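Peer 1:
In this note's numbering, the protein residues as written are 50 to 295.
(1) With distance defined between alpha-carbon atoms, name the residue in 222, 128, 195 and 218 nearest to residue 209.
(2) Taking 8 Å as the limit between beta carbons, can you name the residues of its chain near residue 184, skipping five residues before and five after?
(3) In the DSSP assignment, the alpha helix (DSSP H) including residue 196 goes from what residue to what residue?
(4) Less than 8 Å between the beta carbons of residue 225 and residue 133, yes or no?
(5) Count the CB pairs spanning the segment 128-143 and the segment 191-207 that are closer than 8 Å, and state whether there are at least three.
(6) Count the C-beta pairs between the segment 224-241 and the segment 145-164 that are closer than 8 Å, then say yes if the count reaches three, no if not.
(7) Measuring only the C-alpha atoms, how far is residue 143 from residue 261?
(8) Whose CA, out of 197, 160, 246 and 211, lies closest to the CA of residue 122?
(9) Quick test of your reading: residue 290 and residue 264, contact by CB under 8 Å. State the CB separation rounded to the nearest angstrom.
(10) CB-CB under 8 Å to residue 230, same chain, minus the five flanking residues each way: which ones, in chain order?
(11) Excluding the five sequence neighbours on either side, which residues of its own chain have a C-beta within less than 7 Å of the C-beta of residue 138, listed in chain order?
(12) Buried or exposed, going by whether 16 or more other CB atoms sit within 10 Å of the CB of residue 141?
(13) How is the beta strand (DSSP E) around residue 123 delimited, first residue to last?
(14) Quick one: what does DSSP say residue 295 is sitting in, helix, strand or coil?
(15) What is the DSSP secondary structure of residue 245, reduced to helix, strand or coil?
(16) With distances taken Cα to Cα, identify the nearest neighbour of residue 242 among 278, 217 and 295.
(17) Go through its chain and collect everything with a Cβ distance to residue 286's Cβ below 7 Å, but skip five positions before and after it.
Here is the structure:
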């Protein structure tokens, strides 16, 4: 059975399969913006969370009601959950720009960086482009770079390819585990919990990261969009992972 949630209305953002468990900080006054701390966990098989729809007169944080059930398993994303990924994007673009702009007359590093960042944000902002793009990252990078260079009145297929390949290499090399992530996975396994990973993207780059950081032995189930044929947030990927975990 997939996790079930009571209907709720609240200014927090909730994601299917990723539950933010809110706990009060006793040393802070009730109603303060820091009164709640957020811990990330995925609770299985069932968790019911309810938030009252009414606020008090000071419009403080609404009352939180939690029915706790001991989880049997945990589902994790990989990128930006276990591994740093988005955070290395801008530094990687900037490093590439600093490398190539000295050889391009009249083109400043900051101008190229801004063009690449703007086109990258535009591309990934659309769900359909996102779905298409993440399944062939090098082709996607080249499309983004080509569009950015075109904005700067530059049409150069060789330069497009050079920037794209350099960016992909630098970004891949910059990926690191998030602090405490690997230790948390090991602790959960030692405590007897089953662990599943669900990650979007094509098979090759995702498997490379899994192998590079030794993640496969930590999981009872690994589902990669490019291998399964469907990715998040489709309900079937969560159902399949839960079925595998038993």
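Note that CB positions come from ideal geometry on N, CA and C, so glycine has one too.
These numbers come from a predicted model, not from an experiment.
Peer 2: Reading off the structure:
(1) Indexing the chain shown from 1 puts residue 209 at position 160. Looking at the Cα atoms, 195 is the closest of the given residues.
(2) To locate residue 184, count along the chain shown from 1; it is residue 135. Taken in chain order, the residues that qualify are 250, 251, 274 and 275.
(3) For the purposes of this step, residue 196 is taken as residue 147 along the chain shown, with counting starting at 1. The continuous alpha helix (DSSP H) containing residue 196 extends over residues 186-200.
(4) To locate residue 225, count along the chain shown from 1; it is residue 176. To locate residue 133, count along the chain shown from 1; it is residue 84. In this structure, residue 133 lies closer than 8 Å to residue 225 by Cβ.
(5) They do not touch, by the three-pair rule.
(6) Contact fails: fewer than three Cβ-Cβ distances are below 8 Å.
(7) Within the chain shown, numbered from 1, the residue matching residue 143 stands at position 94. Within the chain shown, numbered from 1, the residue matching residue 261 stands at position 212. In a straight line, the C-alpha of residue 143 is about 25 Å away from that of residue 261.
(8) Position 73 of the chain shown, counted from the first residue, corresponds to residue 122. The candidate whose alpha carbon is nearest that of residue 122 is 246.
(9) As a working note, residue 290 is residue 241 in the chain shown. As a working note, residue 264 is residue 215 in the chain shown. Between residue 264 and residue 290 the Cβ distance is about 15 Å, and since that is not below 8 Å, they are no contact.
(10) If you number the chain shown from 1, residue 230 lands on position 181. These residues qualify, in order along the chain: 130, 131 and 132.
(11) The residue you call residue 138 lines up with position 89 of the chain shown. Counting only Cβ-Cβ distances below 7 Å, and skipping sequence neighbours, we find 220.
(12) Numbered from 1 along the chain shown, position 92 holds the residue referred to as residue 141. The residue in question, residue 141, is buried, as its Cβ has 16 or more Cβ neighbours within 10 Å.
(13) What you label residue 123 is simply residue 74 of the chain shown in a count that begins at 1. Unbroken beta strand (DSSP E) run through residue 123: 122-125.
(14) Here residue 295 refers to the residue found at position 246 of the chain shown. Secondary structure of residue 295 (DSSP, three-state): coil.
(15) Working through the chain shown from its first residue, we reach residue 245 at position 196. Note: residue 245 maps to strand in three-state DSSP.
(16) On the chain shown, residue 242 is found 193 positions in, with the first residue counted as 1. The option with the nearest alpha carbon to residue 242 is 295.
(17) The sequence position of residue 286 within the chain shown is 237, counting from 1. These residues qualify, in order along the chain: 247, 272, 277, 279 and 280.
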